[in-house]
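Participant: Take a look at this one; I'll ask things after.
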Ligand SMILES: Cc1cc2nc3c(=O)[nH]c(=O)nc-3n(C[C@H](O)[C@H](O)[C@H](O)COP(=O)(O)OP(=O)(O)OC[C@H]3O[C@@H](n4cnc5c(N)ncnc54)[C@H](O)[C@@H]3O)c2cc1C
Ligand SMILES: Cc1cc2nc3c(=O)[nH]c(=O)nc-3n(C[C@H](O)[C@H](O)[C@H](O)COP(=O)(O)OP(=O)(O)OC[C@H]3O[C@@H](n4cnc5c(N)ncnc54)[C@H](O)[C@@H]3O)c2cc1C
Ligand SMILES: Cc1cc2nc3c(=O)[nH]c(=O)nc-3n(C[C@H](O)[C@H](O)[C@H](O)COP(=O)(O)O)c2cc1C
Ligand SMILES: Cc1cc2nc3c(=O)[nH]c(=O)nc-3n(C[C@H](O)[C@H](O)[C@H](O)COP(=O)(O)O)c2cc1C
Ligand code: FES
Ligand code: FES
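Protein chains in written order, with this note's numbering: chain A, 8 to 249; chain B, 8 to 249; chain C, 89 to 399; chain D, 89 to 399.
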């Protein structure tokens, strides 16, 4: 009866990733698909959506951007965090040969995808972009999963200089991946869609929108008639006008 | 969600049994155990308990004793009847060799029991009692099921003269049945219990009490701390003080 | 850690655990109330007795509509004169078990409540529960006493004048402002509040018959469907008054009881759960509540009572 | 037999089927309302707009507690000025689909209702829905307009003075006598009634956190748990007034809609069902209702509307 109310978990590990991004490993495990998310609740603070980085031990990776994420960043091992989920529709894995494109903390859901792709023996390439070297998320984790990782930064402090979509463009032409999976800021996703459409490469993007219910009811996350929380967050083409 | 609300059925056949007792065959089938009952509802009239005579086609046999049963008796094929059930705990069948003792329309649940006993290859004897010949219920049906049937009437108009418990006494001594199953008026059940207890024969009785909810909640049917509708109507010994 | 202490004292009466059989459930006689007491209830409430015998409504009177129950039993009872005999026998049987007996009563005028209370006191129950969810025949709109602070208070004044037994007032959720009612009955001298009585009324229509299934057409809703309403009512009442509250409504499992206690309840009523989990529910609730308390290091119910009001 | 006619006319506006998207569900923008219209809704209601922009409450705002939903979204909206633009675009997109648009509005004073109604009329919606389940800031007890017949009537008088659009008044079930409210708004000139808004409020406490889960602590209950209450409210309202009623509350399946119509509803609101069955629920409801009608030989909704009142 109470299955869809928040469940409590204890923070088992807190792992710094970049100056602003931290990973929280919980003493819980759930069944989920890569690309799905959960609503993390801190009583008395707020409840916000985060991608599932790993389903067991349940893990999220959080950029400190405001009130709630700041409160999350103050959690220490042994403290508790509540979550509802998994929510939403995740990625559909297909093709022997895939390319992941991550901007900023977009690497979070793609980590879970890489995990699943490795388990089914796919060849995974990753284009990882960020503003600067210290913002690059998961280069080591992804390489550790056996992915071939290319990096770029907007300020050129590490890897190629420029947006990750430049990297995508050259990798797409060079390796002709069977499909592309992308997560990051809206402008980046738009560029990804353009690049893939031009080359006839199927793609899936994970989008973000301001969420309230997370259950497809309130309409807060609607974009072009689609509910990001329930019809998405993964879409196999960018919703028109989004 | 609505599983436990009344379901509607159409009366397929109306079969006269005795001058006051009629059988109603419905165009429905349910899963039930012998001894269970249902609550029959006629909208605008009332809702009352009746033993299941056969689960498929669902059949009840009704004595016309008052307002509701009179309304039931006016049903003709094609008209509708609602029911909730099966309800209650039925008989537990055991022993190769069993004896059924029926007083009046007590034959109703025992018919279902005889059906099940036949299907599992048991030898079934039946002591059938009534006030007079025209009130004897199911002698033919029970014989047709392969039961060995003895009858008696209080006025001697058919079979032995006397109460069915006299019949039980002689059959019990003669055939030493492995268990006895009885349904009928309270006084008869008390006598049955006495006879069986004296001989160490296990018995089960199906009891009647005034019922409202039929679901173990309202307490209307309570007897000696037991709810006839949910703890019974079948008891493997007569509740003390009942 | 030693086993947690589940006992609670309401108006000086000690319950070994907070689970109280709610009125109208099983409480039709001494034997069945004894059975519930033996099944582990902390206290039992008998059915509501009124001034005169009542047959109640015809069937169907109780239904499981999927999300909960709905009932219109119509307060069948043999009248308070017979009630006293039934309650005397019940009290006799409960005494050796140490399980308190709560006698429930109703009437259709404030004076009537006083008279029934005076009579029922002869049976020596431990506590009285005043069921005010009945139509006030003197109210020109036919509103129940429970919907009007003044009428509710008047009932309590009459009862308090007629008996020295502690009076628990049972409130209805079907009001726009339950805090106002709670304050009014506290001020009039109520010793405790129980809440909630059934919600609504509601109606379930059979779409084959084209009519309401309950013979009375409408009935009170209980069970899981009403739990959030019950918890909020208890929370509101506890924020408005300081007398103890028995939280009732949709409690099926130990965690539901914890919710009620966190909302401020001193004890927890159990009604529909008897249908969902059988009379054995009392023992199971006790185990579930103990398990929760042990896991959280709570030794007594006071350790978490009302915590939902903080922060 | 030919396919049954599911159409219904409310205040002169034709709906091709009786299923109306309820306010506050998905209705945040033109594109999503167009999607719902294309999914088969007979009419759609936009979210409620008020006089000023409102951020709404922090999260958690909506929960599935098992028997239904509970929400305290807090009427987030950009204010009626922006609302007019959103509604104009919505109306534009719905026009070719032939799906009527209902604009919902609220305010905190009776005069405010009139002003918002006047402004929102500029967007040219087909119908207005007046959400009176908001606290009346002028009431000394802070009661919502929906709980007081006079306050509710005053709102309607202001709205009717400000617009010539038909006004549907949305009633709250959280009142002791919903018939009195229905009569008052009918007399004040309401053209239709929708009922019910959410029940309660309710509260769900997390027993690990020891606090209410909703950030607002309490919230309105919707979904399956409230259906019997909603059906009874619709039944009561239909027995008290002769204006059309949109029955809302816990309708998930076609048979639930049949119940509402038998209780007297002209049309049927669909809210929480969008969560339980997705936006495709409208098409499925239409099929289920048709199937029921065909099986029972009903050609039109009037053939069984209100039958539960007979006998
Ligand atoms: C499906 C989904 C998956 C996400 N996954 C991750 C993740 O894995 N890691 C991560 O760090 N962040 C993720 N986010 C974003 C994360 O939810 C926001 O960063 C967080 O809600 C900000 O809350 P705040 O109170 O700290 O910031 P606020 O003070 O509320 O706002 C800071 C910034 O975040 C934006 N924002 C606020 N709330 C939301 C929201 N509910 N959805 C989207 N943007 C919002 C604001 O517009 C503002 O730009 C995800 C968002 C979505 C929708
Ligand atoms: C578990 C159970 C199984 C039953 N099986 C059958 C059956 O297979 N066939 C059959 O004909 N009858 C059966 N009955 C009895 C049947 O329910 C009653 O005869 C019927 O309710 C009488 O309703 P009425 O309105 O016609 O009579 P009423 O006018 O109400 O009463 C007529 C007589 O029946 C008694 N009675 C009324 N209601 C009940 C009730 N709910 N339970 C018991 N006695 C009642 C009255 O005390 C009175 O003596 C069963 C009863 C129970 C409890
Ligand atoms: C069948 C039934 C009969 C009831 N009869 C009474 C009654 O006589 N007096 C009373 O105060 N409450 C009565 N109630 C209300 C319960 O005592 C309780 O307040 C309500 O059912 C909510 O609790 P629950 O959800 O645990 O059932 C009755 C409830 C049911 C289901
Ligand atoms: C998340 C949510 C938001 C709601 N917002 C509004 C609103 O803004 N205005 C309104 O009149 N009703 C609102 N409602 C109430 C619904 O319109 C509807 O009356 C209620 O949910 C009962 O119907 P249901 O059981 O089909 O959901 C809201 C309901 C929900 C669940
Ligand atoms: S967040 Fe409510 S619909 Fe997506
Ligand atoms: S009839 Fe209600 S408990 Fe048996």
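From the three backbone atoms N, C-alpha and C, an ideal C-beta is built for every residue, glycine too.
Which runs of the alpha helix (DSSP H), 4 residues or longer, sit entirely within the stretch 357 to 387 of chain C?
Facilitator: If we require 4 residues or more, the alpha helix (DSSP H) runs fully inside the stretch 357 to 387 of chain C come out as 361 to 365, 369 to 384.
Participant: Quick one: is residue 182 of chain B buried, meaning 16 or more other Cβ sit within 10 Å of its Cβ, or exposed?
Facilitator: Here the question's residue 182 of chain B lines up with position 175 in the second chain. By the 10 Å Cβ count, residue 182 of chain B comes out exposed.
Participant: For chain D, check one thing: does any of its Cβ atoms lie closer than 8 Å to the Cβ of residue 65 of chain A?
Facilitator: Numbered from 1 along the first chain, position 58 holds the residue referred to as residue 65 of chain A. Cβ-Cβ to chain D under 8 Å: no for residue 65 of chain A.
Participant: Per DSSP, which residues does residue 55 of chain B bridge with? Please list them.
Facilitator: Within the second chain, the letter at position 48 stands for residue 55 of chain B. Looking at the DSSP assignment, residue 55 of chain B forms a beta bridge with B/47.
Participant: Along the chain, where does the alpha helix (DSSP H) that runs through residue 30 of chain D open and close?
Facilitator: In the structure as shown, chain D starts at 89 and stops at 399, and residue 30 of chain D therefore has no counterpart that could be examined.
Participant: Less than 7 Å between the CB of residue 217 of chain B and some heavy atom of ligand 2, yes or no?
Facilitator: Start at 1 with the first residue of the second chain, and residue 217 of chain B comes out as number 210. Under cutoff, so the answer is yes.
Participant: With a 10 Å radius around its C-beta and 16 neighbouring C-beta atoms as the bar for buried, classify residue 153 of chain B as buried or exposed.
Facilitator: For this step, residue 153 of chain B is matched to residue 146 along the second chain. Its Cβ having fewer than 16 others within 10 Å, residue 153 of chain B is exposed.
Participant: When you compare the stretch 48 to 55 of chain A with the stretch 94 to 114 of chain A, are there three or more beta-carbon pairs, one atom per stretch, that lie closer than 8 Å?
Facilitator: At 8 Å Cβ cutoff, the stretches do not touch.
Participant: Looking at the unbroken alpha helix (DSSP H) that takes in residue 427 of chain D, where does it start and where does it end?
Facilitator: Only positions 89 to 399 of chain D appear in the structure, and residue 427 of chain D is not among them; the question remains open.
Participant: Would residue 363 of chain D pass as a contact of residue 92 of chain D if the rule is Cβ separation under 8 Å?
Facilitator: Translated into positions along the fourth chain, residue 363 of chain D becomes position 275. Translated into positions along the fourth chain, residue 92 of chain D becomes position 4. No. Outside cutoff.
Participant: Is any heavy atom in ligand 3 found nearer than 7 Å to the beta carbon of residue 336 of chain C?
Facilitator: Within the third chain, numbered from 1, the residue matching residue 336 of chain C stands at position 248. Correct: residue 336 of chain C has its Cβ closer than 7 Å to ligand 3.
Participant: Counting only runs of 3+ residues fully inside the stretch 122 to 147 of chain D, write out the beta strand (DSSP E) ranges in chain order.
Facilitator: Complete beta strand (DSSP E) runs here, min 3: 131 to 137.
Participant: Tell me which same chain residues have a C-beta within less than 6 Å of the C-beta of residue 27 of chain A, skipping the five on either side of it?
Facilitator: Here residue 27 of chain A refers to the residue found at position 20 of the first chain. Excluding positions up to five away in sequence, the list reads 70, 71.
Participant: Roughly how many angstroms separate the alpha carbons of residue 238 of chain D and residue 197 of chain D, rounded to a whole number?
Facilitator: Within the fourth chain, numbered from 1, the residue matching residue 238 of chain D stands at position 150. Within the fourth chain, numbered from 1, the residue matching residue 197 of chain D stands at position 109. So the two alpha carbons sit approximately 13 Å from each other.
Participant: Would you call the stretch 205 to 225 of chain B and the stretch 138 to 150 of chain B touching, i.e. three or more CB-CB distances under 8 Å?
Facilitator: With the cut-off at 8 Å, the stretch 205 to 225 of chain B and the stretch 138 to 150 of chain B do not touch.
Participant: Counting only Cβ pairs nearer than 7 Å, list the residues of chain C close to residue 264 of chain D.
Facilitator: Mapped onto the fourth chain, residue 264 of chain D falls at position 176. Here the neighbours are 231, 235, 262, 263, 264.
Participant: Could you check the C-alpha separation between residue 231 of chain A and residue 239 of chain A for me, to the nearest Å?
Facilitator: Walking along the first chain from the start, residue 231 of chain A turns up at place 224. Walking along the first chain from the start, residue 239 of chain A turns up at place 232. Looking at the two C-alpha atoms, the distance is approximately 12 Å.
Participant: Say the cut is 7 Å; is the CB of residue 57 of chain A nearer than that to a heavy atom of ligand 1?
Facilitator: Residue 57 of chain A sits at position 50 when you count from the first residue of the first chain. At least one heavy atom of ligand 1 is nearer than 7 Å to the Cβ of residue 57 of chain A, so yes.
Participant: Could you check the C-alpha separation between residue 73 of chain B and residue 209 of chain B for me, to the nearest Å?
Facilitator: Position 66 of the second chain holds residue 73 of chain B. Position 202 of the second chain holds residue 209 of chain B. C-alpha separation (whole angstroms): 35 Å.
Participant: Shorter than 7 Å, the distance from the beta carbon of residue 245 of chain C to the closest heavy atom of ligand 5, or not?
Facilitator: Position 157 of the third chain holds residue 245 of chain C. Outside the cutoff, so no.
Participant: When every heavy atom of ligand 1 is checked, does at least one fall within less than 7 Å of the C-beta of residue 239 of chain C?
Facilitator: In the third chain, counting from the first residue as 1, residue 239 of chain C sits at position 151. No, the beta carbon of residue 239 of chain C sits no closer than 7 Å to any heavy atom of ligand 1.
Participant: Quick check on residue 311 of chain C: does DSSP put it in helix, strand or coil?
Facilitator: The residue you call residue 311 of chain C lines up with position 223 of the third chain. DSSP places residue 311 of chain C in coil when its eight states are reduced to three.
Participant: Can you tell me whether residue 22 of chain A sits near ligand 7, meaning its C-beta is under 7 Å from at least one heavy atom of the ligand?
Facilitator: Among the ligands modelled here, namely ligand 1, ligand 2, ligand 3, ligand 4, ligand 5 and ligand 6, ligand 7 does not occur.
Participant: Just mark residue 300 of chain D as buried or exposed, buried being the case when its beta carbon has 16 or more other beta carbons within 10 Å.
Facilitator: Counting from one through the fourth chain, the residue named residue 300 of chain D turns up at place 212. Under this definition residue 300 of chain D is a buried residue.
Participant: Go ahead and label residue 388 of chain C buried or exposed: buried means 16 or more other beta carbons lie within 10 angstroms of its beta carbon, across all protein chains shown.
Facilitator: The sequence position of residue 388 of chain C within the third chain is 300, counting from 1. The residue is exposed, with fewer than 16 neighbouring Cβ atoms inside 10 Å.
Participant: If you measure beta-carbon to beta-carbon, which residues of the stretch 343 to 354 of chain C are closer than 8 Å to chain D?
Facilitator: Correct list: 343, 346, 347, 350, 351.
Participant: Does DSSP put residue 258 of chain C in a helix, in a strand, or in coil?
Facilitator: The residue you call residue 258 of chain C lines up with position 170 of the third chain. If DSSP states are grouped into helix, strand and coil, residue 258 of chain C belongs with the strands.
Participant: Would you call the CB atoms of residue 287 of chain D and residue 309 of chain D closer than 8 Å?
Facilitator: What you label residue 287 of chain D is simply residue 199 of the fourth chain in a count that begins at 1. What you label residue 309 of chain D is simply residue 221 of the fourth chain in a count that begins at 1. Contact: yes.
Participant: Give the DSSP-derived three-state secondary structure of residue 206 of chain B in the structure shown.
Facilitator: Counting from one through the second chain, the residue named residue 206 of chain B turns up at place 199. Of the three classes helix, strand and coil, the one that applies to residue 206 of chain B here is helix, per DSSP.
Participant: The stretch 149 to 169 of chain C: which residues have C-beta closer than 9 Å to a C-beta of chain B, in chain order?
Facilitator: Answer set for the stretch 149 to 169 of chain C: 149, 150, 151, 152, 153, 154, 155, 157, 159, 161, 164.
Participant: Counting pairs of Cβ atoms below 8 Å between the stretch 107 to 125 of chain D and the stretch 198 to 209 of chain D, do you hit three or more?
Facilitator: Judged by Cβ distances under 8 Å, the stretch 107 to 125 of chain D makes no contact with the stretch 198 to 209 of chain D, as fewer than three pairs qualify.
Participant: Where does residue 74 of chain B fall in DSSP's three states?
Facilitator: For the purposes of this step, residue 74 of chain B is taken as the residue at position 67 of the second chain. Helix.
Participant: Residues of chain B with a CB under 9 Å from the CB of residue 133 of chain C: which are they?
Facilitator: For this step, residue 133 of chain C is matched to residue 45 along the third chain. Under the 9 Å cutoff, chain B gives no residues; its nearest Cβ is about 12 Å from residue 133 of chain C.
Participant: Helix, strand or coil for residue 112 of chain B per DSSP?
Facilitator: For the purposes of this step, residue 112 of chain B is taken as the residue at position 105 of the second chain. Residue 112 of chain B falls in the helix class under three-state DSSP.
Participant: Mind listing the chain D neighbours of residue 183 of chain A? Cutoff is C-beta to C-beta under 9 Å, in chain order.
Facilitator: As a position in the first chain, residue 183 of chain A is number 176, starting the count at 1. Under the 9 Å cutoff, chain D gives no residues; its nearest Cβ is about 35 Å from residue 183 of chain A.
Participant: Could you tell me which chain C residues have their CB closer than 8 Å to the CB of residue 226 of chain B, listed as they occur along the chain?
Facilitator: Indexing the second chain from 1 puts residue 226 of chain B at position 219. The answer, in chain order, is 113, 114, 115, 116, 117, 120, 135.
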